[in-house]
Amino acid sequence: MAAADVEDFIEQNRHLSDLVETFRTISESDKHWKSRREFIFRNINDYEDPHVDHLLALSMVWANNVFLGCRYHPELLEKVKEMADGIVVEDAPVFKTRDELIKQHQKR
Amino acid sequence: MGVPAFFRWLSRKYPSIIVHCLEEKAKEYNGIKIPVDTSKPNPNEVELDNLYLDMNGIIHPCTHPEDKPAPKNEDEMMVAIFEYIDRLFNIVRPRRVLYMAIDGVAPRAKMNQQRSRRFRASKEGVELVEEKEKMREEVIQRGGYLPPDEIKERFDSNCITPGTEFMDNLAKCLRYYVADRLTNDPGWSNITVFLSDASVPGEGEHKIMDFIRRQRAQPNHDPNTHHCLCGADADLIMLGLATHEPNFTIIREEFKPNKPRPCALCGQMGHEIKDCQGLAREKQGEHDEFADTIPVSEQEFIFIRLSVLREYLERELTMASLPFPYDFERSVDDWVFMCFFVGNDFLPHLPSLEIREGAIDRLVGIYKDVVHKTGGYLTENGFVNLERVELIMQAVGVAEDNIFKKRKEDEEGFKRRMKEKKKRMKGGQGPAFVPYGQFAPQALGGRGRSMPVQNARQSAYEMRMQGNRDNRNQEAAQSLRAMMRNGKTSAGPSDDVNSRGVKRKAEDSDEEPEPEDNVRLWEDGWKQRYYKTKFDVDETDDEFRKKVVMSYVEGLCWVLRYYYQGCASWKWYFPFHYAPFASDFKDIKGMFSDFEKDTKPFKPLEQLMGVFPAASGNFLPTSWRALMTDPESSIIDFYPDDFAIDLNGKKYAWQGVALLPFVDERRLRAALDDVYPDLTEEENRRNSLGSDVVFVGKSHPLCDFIRELYLAESHEVTEIPAELCHGIQGILNLDDDPILPDKPVQSPIPMLRDNTSNSAIGIKFKDPQYEASYVFRAVVLPGAKMPNKVLKPGDWEQSNRGPWRPQLGFNPNRQQAHLDQSGFRKLNHHVGRNQGPGLFGSGPPRGGHHGGRQYSNAPPPRNYQGNYGSSQRGNYSSQYSSQSGMSQPPRAANPSQYSWNQQGAHGWNRSVQSQPAAYQQNQQRGQGGWRPPHNQQGSMRGGPQQGGNSGQGYSLPPPSRRYDWNP
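So the protein sequences, as listed, match chains A and B. According to my numbering, the residues represented by the first sequence are 203 to 310, in order. According to my numbering, the residues represented by the second sequence are 469 to 1435, in order.
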């Protein structure tokens, strides 16, 4: 789904996109939110009403991994990466996780 | 405020706020410990009314101490906690109230910090275990010896969180403890004990503040109550100031940086785990009699006198020619507020304000500058005037650029100096080669006659080659070292000769690459880079920047309100990991109106779900735990296995910012709805909100009143009659499982006895209630008497009142330390012992001289002639046993003592010396272990008393003038 497609999708699904807009958290910048919103749009059909929270959790797992540097269980990460396949994040930040820092320090 | 730097800064700038605590130690007689009678006057020469314990500051060091071996099991931990409280009680000796507050569920604003601490602690724990195992294997392979690994579970300090079984058990143990002390300890008989355990929401220190605030606001409160709050957090100082009570003192452990810690592997001191060699333990003392003593002194306590801090602040903040009337109390509130900019538990500090760079002084300077323009104070009763705050922020903002540049300069300067220093140290290793053989330097006029030089070229060549070899060895050693990090190979003879092995570590740390810093605050464009790197937003995104500023403004309002009025909203939190710049605070006036009303705290188990990593899931019910690990969980994103750390200009991981995701409260609650039915009855009880409990002993006037309530079985709420309890008010309600007189209290700890003759009584307690719109006033109450000034008046020199004598303790009229005759005899004896028998026995001029002079200032006791020698021996042995804590049989007569007596007798015939001179001599010689009186309290008192017990002919010394104790 390219950016234009997302816009189309929003136009055609006003009701749904209004709902999804409520999922935005205060700490999310436009850039982060756009990516995560796309993640939600792409997968929302597989997570109907009672499972929306699960989708939100997965979207956060993906966003936390990309924008915050969090690591989760490899299988879980694999799964969300698949779900996010095709979402373009420009200029994603680079992080050092705690484990990497500690290892680096121990090597010295 | 977990900012150690703040306390360091404060105590350096305002040194007189600190008073060392005098602690009376329990005596031991024939192996039986005689507890200290705390109903006796306080040795600190001050009577304190209320003692408040922020219990988490006690629980942590008692359960996983840093400077001694950890307790083996939970029971030992509880006993350690009891002993710690006993110790504090003995020092402070409260006369009215003991308030124990354990952290309950905290406001959401604190959750981010708690999460970050617990996620880190969990990882650190695992790493320590791994390192231990690795090192253990290595050491044993090398043939070292290590004590067998105890089969004990690692204590997960994360269990010190409300809602866990550990905290529940702790509450039970404390009830037992309180009942026991109220029944058996005379010092406790008249005090009212409040216990606010982890089931009552709120952080410990803030529950204490709530109590004080709500007592102050009711008419029966005694405005001259002397409060004493125990805890090490710097924010207690702020909280204490915020009460505006004139008599407020904080007690905490003395801060000693770089305290030695025992190795986690072998338990010995002097090395860290990674240097552990598994060597046999060195014998401690001649017969290993000090094996169990820790070489560091016991942690001592200090008082922080807020009344003195107020004096300092008054000097600093007083402003003349203001456009509005000056009110010191209001300026204190503003000072407290400005300290929040520099760091607090709820907000990240502003990038330009570092306490070590004098941020508070800078703020005060700006404040005094700007206050002329603001037209009033920044805060009132905990409410912020944003318009005025903006002026302060803008003034800081103007300086921001220079602050960052200067910070960089200072850092560079520091690094340069360190490098130069290192170079100097290295350079001091000596010349490239030393002439030897026939060229060796010889002393002038030496006996060896100078010989004609033979074969000079050959000798010079040899010396040169030898020097080269040494250098090459050194180089080789260095490159070898670089290759092998922990290699213990001895690297060439030159290395051994210079014993440079010790320095290795310092060198290595120097070679560490600097953590990269993409923000470069010292270069133009820093603001854009900061927002890009820390928030991942473009410089053009004003909206986002505004959002951060708005949240921060809300945060400032929330924090100040929290300190002055109590928790305004349990839900509010700062939703970013970083603060904005001071210069970003523009048009903040309208950014905040009020907080959401009637918010509720989390339930204990809910909060556990919010702050624990999955690795601590064992503290939660099974189905709850599954939510932390199951990929299908609808909150799985809260629990990353690993997370990024932004060093943010710091060096070590623990100093950096942990980038943990924030908890979505709605999703958390929704997920928990499904698993709530799985809770057992017991878990449901642990998850419910509890109540404070008040306890009194049988001689307390309130005891009969409470007993009547239980007899009447009236489940209606009852107010405490103010006259029964020093004007303390509150609402009582019957406890379901109360502590009642004549009802035995079972000991929850196997090693402690049941309290079968209990005479304490307990009942639920609630702070006085006020309307939601009530505003607690931040003022000094009418009728409050200000304590005497301690600081030297500014005009002292002009006033011609003689030399200024600084006040060291609480009492301005404190008697100066003074030794009486027996004290000097004892001191002398001590000195004699430490010099060893040989010195006095053979009577060298120096020792004999001193011995004589010291004796000369005291006339001989009346019956000296017959008894002196034996009396001294008696004294000596009893003193010895009392000091080393062992009951040893009196030593056989020491031959040296007789000769010493002769020496002494000789001395008495000499000229008379003044006492101070003798005393000073002692100090200068640095022998005999003499320390300032306050450290020696125990033995000073024990000594003469026991000497008297041995029934010798001279009379007892008069009771010490400083305290009211009776031998």
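In this text, a Cβ means the ideal position worked out from N, Cα and C, and glycines have one as well. Since the model is a prediction, treat every value here as computed from it, not as a measurement.
Please work out which residues of its chain come closer than 8 angstroms, Cβ to Cβ, to residue 562 of chain B, disregarding the five sequence neighbours upstream and downstream, and give them in chain order.
516, 517, 518, 519, 659 and 696
Could you tell me if residue 631 of chain B is buried or exposed, where buried requires 16 or more neighbouring beta carbons within 10 angstroms of its beta carbon?
buried
From residue 640 of chain B to residue 579 of chain B, what distance separates their C-alpha atoms?
Looking at the two C-alpha atoms, the distance is approximately 26 angstroms.
Can you give me the start and stop residues for the beta strand (DSSP E) that residue 522 of chain B sits inside?
518-522
How long is the line joining the alpha carbons of residue 538 of chain B and residue 559 of chain B, rounded to whole angstroms?
Taking the Cα positions, residue 538 of chain B is about 25 angstroms away from residue 559 of chain B.
Figure out for me which residue from B:594, B:1041 and B:693 has the closest Cα to the Cα of residue 417 of chain B.
Because residue 417 of chain B is not part of the residues shown, which for chain B are 469 to 1435, the question remains open.
According to DSSP, is residue 451 of chain B helix, strand or coil?
Past the edges of chain B, shown from 469 to 1435, lies residue 451 of chain B, and the structure says nothing about it.
Once you ignore the five residues that flank residue 221 of chain A on each side, which residues in its own chain have a CB closer than 7 angstroms to its CB?
none
Assuming residue 553 of chain B is part of the alpha helix (DSSP H), what are its boundary residues?
542-560
In terms of alpha-carbon separation, which member of B:682, B:1217, B:1265 and B:1018 lies closest to residue 434 of chain B?
Chain B is shown from 469 up to 1435; residue 434 of chain B falls before or after that span and cannot be answered.
So the alpha helix (DSSP H) residue 580 of chain B belongs to, where does it begin and stop?
Counting along the chain, the alpha helix (DSSP H) containing residue 580 of chain B begins and ends at 576-609.
Out of B:717, B:691 and B:694, point me to the one whose CA is closest to residue 700 of chain B's CA.
B:717
Is residue 262 of chain A close to chain B? Criterion is C-beta to C-beta, closer than 9 angstroms.
yes
What separation, rounded to the nearest whole angstrom, lies between the Cα atoms of residue 1396 of chain B and residue 1290 of chain B?
At residue 1396 of chain B the pLDDT is 41, less than 50, meaning the model places this residue with poor confidence; the figure from the coordinates comes in the next sentence. Taking the straight line from one Cα to the other gives about 16 angstroms.
Can you pull the chain B neighbours of residue 233 of chain A, defined as C-beta to C-beta under 9 angstroms?
1004, 1005, 1006 and 1009
Does the Cβ-Cβ distance between residue 840 of chain B and residue 785 of chain B come in under 9 angstroms?
no
At which residues does the beta strand (DSSP E) containing residue 695 of chain B begin and terminate?
695-698
What are the residues in the segment 624-649 of chain B lying within 9 angstroms of chain A by C-beta distance?
Cβ contacts with chain A come from no residue of the segment 624-649 of chain B.
According to DSSP, simplified to helix, strand and coil, what is residue 1188 of chain B?
coil
Tell me which residues share the same chain as residue 208 of chain A and place their Cβ nearer than 6 angstroms to its Cβ, disregarding the 5 neighbours each side in the sequence.
240
Where do the ends of the alpha helix (DSSP H) carrying residue 635 of chain B lie?
Where residue 635 of chain B is concerned, the enclosing alpha helix (DSSP H) stretches over 633-652.
Could you work out which residues of chain B lie near residue 220 of chain A, taking near to mean beta carbons separated by less than 9 angstroms?
Simply none; closest approach about 17 angstroms.
Taking residue 1113 of chain B as the query, report the chain A residues whose CB atoms sit under 8 angstroms from its CB, ordered along the chain.
298, 299, 300 and 303
I think residue 691 of chain B touches residue 1249 of chain B, with their Cβ atoms under 8 angstroms apart; what is that distance to the nearest whole Å?
4 angstroms
Identify each residue in the segment 1086-1112 of chain B for which the Cβ-Cβ distance to at least one residue of chain A is less than 9 angstroms, and report them in chain order.
If the cut-off is 9 angstroms between Cβ atoms, the segment 1086-1112 of chain B has 1097, 1099, 1100, 1101, 1102, 1103, 1104, 1105, 1106, 1107, 1108, 1109, 1110, 1111 and 1112 near chain A.
Apart from the five residues on each side of it in sequence, which residues of its chain come closer than 8 angstroms, Cβ to Cβ, to residue 1209 of chain B?
Only 1166, 1171, 1175, 1226, 1227, 1228 and 1229 meet the Cβ criterion.
DSSP state of residue 227 of chain A, grouped into three classes?
Looking at residue 227 of chain A - three-state DSSP - the assignment turns out to be coil, as it is neither helix nor strand.
Tell me, please, which residues DSSP counts as bridged to residue 1229 of chain B.
Beta-bridge pairing links residue 1229 of chain B to B:1164.
What residue range is occupied by the uninterrupted alpha helix (DSSP H) comprising residue 711 of chain B?
From DSSP, the alpha helix (DSSP H) with residue 711 of chain B extends over 703-711.
Which word fits residue 305 of chain A, buried or exposed, when buried means at least 16 other C-beta atoms lie within 10 angstroms of its C-beta?
exposed
In three-state DSSP terms, what is residue 662 of chain B?
strand
In the DSSP assignment, what are the bridge partners of residue 497 of chain B?
B:500
Could you tell me which chain A residues have their CB closer than 9 angstroms to the CB of residue 1044 of chain B, listed as they occur along the chain?
228 and 229
Hey, does residue 245 of chain A have any beta-carbon neighbour from chain B nearer than 9 angstroms?
no
Are the beta-carbon atoms belonging to residue 1186 of chain B and residue 1207 of chain B less than 9 angstroms from one another?
no
Across which residues does DSSP place residue 1110 of chain B in a beta bridge pair?
A:273
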